[in-house]
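For reference, the structure discussed in these notes is given below.
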Amino acid sequence: MEQPLANHKARLEQSFKEADKAREELTDSISNSIAANCDLLHHGLVSAKGLEVTTEMYRHLLGHLLRHPSGEVRTQVLECFNQSMEKFWPRKTGISEEGTAH
965 MEQPLANHKA
975 RLEQSFKEAD
985 KAREELTDSI
995 SNSIAANCDL
1005 LHHGLVSAKG
1015 LEVTTEMYRH
1025 LLGHLLRHPS
1035 GEVRTQVLEC
1045 FNQSMEKFWP
1055 RKTGISEEGT
1065 AH
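Okay, so the sequence shown: first residue is 965 according to my numbering, each after it adds one.
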């Protein structure tokens, strides 16, 4: 009786692994689709309204997100913002904080 139970358990574990893999692939696909749509939206906004107006819209949007009543939303937005800052304006290395204060 143990063999059918062990076989069932192994199939169930394999099913969970396959479901996790499918979920990861779907998440990657959705993320890539969202990123592509964000790029298209950004270029469309800049083309239609100009960089200055688009930048002001982003500032307004970011301000609202950082004041969101949900602490989780604020934390995620701030974390994402900080990651973006590091990507596009990385901190200079090799310069001490004392040296930059003068």
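From the three backbone atoms N, C-alpha and C, an ideal C-beta is built for every residue, glycine too. It should be emphasised that the depicted structure is a prediction, and the values quoted were computed from it without experimental measurement.
Since L1029 contacts V1041 with CB under 8 Å, what's their CB separation in whole angstroms? Numbered from its first residue, the sequence shown carries residue 1029 at position 65. Numbered from its first residue, the sequence shown carries residue 1041 at position 77. About 4 Å; that satisfies the 8 Å criterion.
Coil, strand or helix - H1032 by DSSP: The residue labelled residue 1032 in the question sits at position 68 within the sequence shown. Three-state DSSP puts H1032 in coil, outside helix and strand.
Please work out which residues of its chain come closer than 8 Å, Cβ to Cβ, to A999, disregarding the five sequence neighbours upstream and downstream, and give them in chain order. Position 35 of the sequence shown, counted from the first residue, corresponds to residue 999. Excluding residues within five positions, none has a Cβ falling inside 8 Å.
Under 9 Å between C-beta atoms of R1023 and R1031: In the sequence shown, residue 1023 corresponds to position 59, counting from 1. In the sequence shown, residue 1031 corresponds to position 67, counting from 1. Using a Cβ distance threshold of 9 Å, R1023 and R1031 do not count as a contacting pair.
Are the beta-carbon atoms of F1045 and L1026 separated by less than 9 Å? Walking along the sequence shown from the start, residue 1045 turns up at place 81. Walking along the sequence shown from the start, residue 1026 turns up at place 62. In this structure, L1026 lies closer than 9 Å to F1045 by Cβ.
Chain B contact for E1043 (CB, 9 Å cutoff): You won't find chain B in this structure, because it holds only one protein chain.
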